[in-house]
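In the working numbering, the protein residues as written are 1166 to 1335.
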């Protein structure tokens, strides 16, 4: 189950996490935040992090490659405390790609020590509602519940950037 403007998880940490937001915007500007270099760099990454996009091919099967960079003192300190680098190259691709309607991002997770690289997806649907657009994001779980939780917390932090930009995201 999910509520507008909230996160919902329907059981164990291994289930998909659904995030819904309704913004006072058309689908097109929201779509561009996911599908353009400028848009993606403007909000992707949790608070204290930023991304530098190296490749973003906005089409089905298109490449997505960026550095996730800790750039706030607290984030840098936390990464160092966990023994993680402050910058990490992230590789992925677009899966589904239906302009202004739905898309999916498939990320290659290759930073978990002792675990072979694996893929996780993020699915996004854009639902026009008159002057509003509902954005429904589904986060696929990681094999390890710890990383599902970390991914969920990170996404919750970064979607707050859109909530502030668009006035709440209820």
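Virtual Cβ for every residue (Gly too), placed ideally from N, Cα, C.
Check whether residue i and residue j have beta carbons under 9 Å apart
i: residue 1313; j: residue 1327; result: no
i: residue 1235; j: residue 1214; result: yes
i: residue 1223; j: residue 1262; result: yes
i: residue 1184; j: residue 1306; result: no
i: residue 1321; j: residue 1210; result: no
i: residue 1282; j: residue 1271; result: no
i: residue 1289; j: residue 1199; result: yes
i: residue 1257; j: residue 1228; result: yes
i: residue 1186; j: residue 1302; result: yes
Three-state class that DSSP yields for residue i in the structure shown
i: residue 1215; result: strand
i: residue 1306; result: coil
i: residue 1322; result: helix
i: residue 1210; result: coil
i: residue 1330; result: helix
i: residue 1247; result: coil
i: residue 1170; result: Residue placement at residue 1170 is flagged as unreliable, the pLDDT there being 47, under the threshold of 50; the coordinate-derived value follows with that caveat. It is coil, neither helix nor strand.
i: residue 1276; result: coil
i: residue 1227; result: coil
i: residue 1264; result: coil
i: residue 1201; result: coil
i: residue 1240; result: helix
i: residue 1177; result: In this prediction, residue 1177 scores a pLDDT of 46, lower than 50, which makes its location untrustworthy; the coordinate-derived value is nonetheless stated afterwards. Of the three classes helix, strand and coil, the one that applies to residue 1177 here is coil, per DSSP.
i: residue 1290; result: strand
i: residue 1185; result: strand
Classification of residue i by the beta-carbon crowding that lies within 10 angstroms, buried from 16 upward
i: residue 1193; result: exposed
i: residue 1254; result: exposed
i: residue 1279; result: exposed
i: residue 1294; result: exposed
i: residue 1318; result: exposed
i: residue 1195; result: buried
i: residue 1300; result: buried
Proximal residues to residue i (C-beta, below 8 Å), its chain only, five neighbours per side dropped
i: residue 1179; result: 1306, 1310 and 1313
i: residue 1332; result: 1188 and 1189
Close beta carbons around residue i, own chain, < 6 Å, minus the five adjacent residues each side
i: residue 1286; result: 1269, 1271 and 1305
i: residue 1249; result: none
i: residue 1212; result: 1322
i: residue 1252; result: 1232 and 1234
Contact set for residue i: own chain, Cβ-Cβ below 7 Å, skip 5 residues either direction
i: residue 1265; result: 1192, 1193, 1196 and 1291
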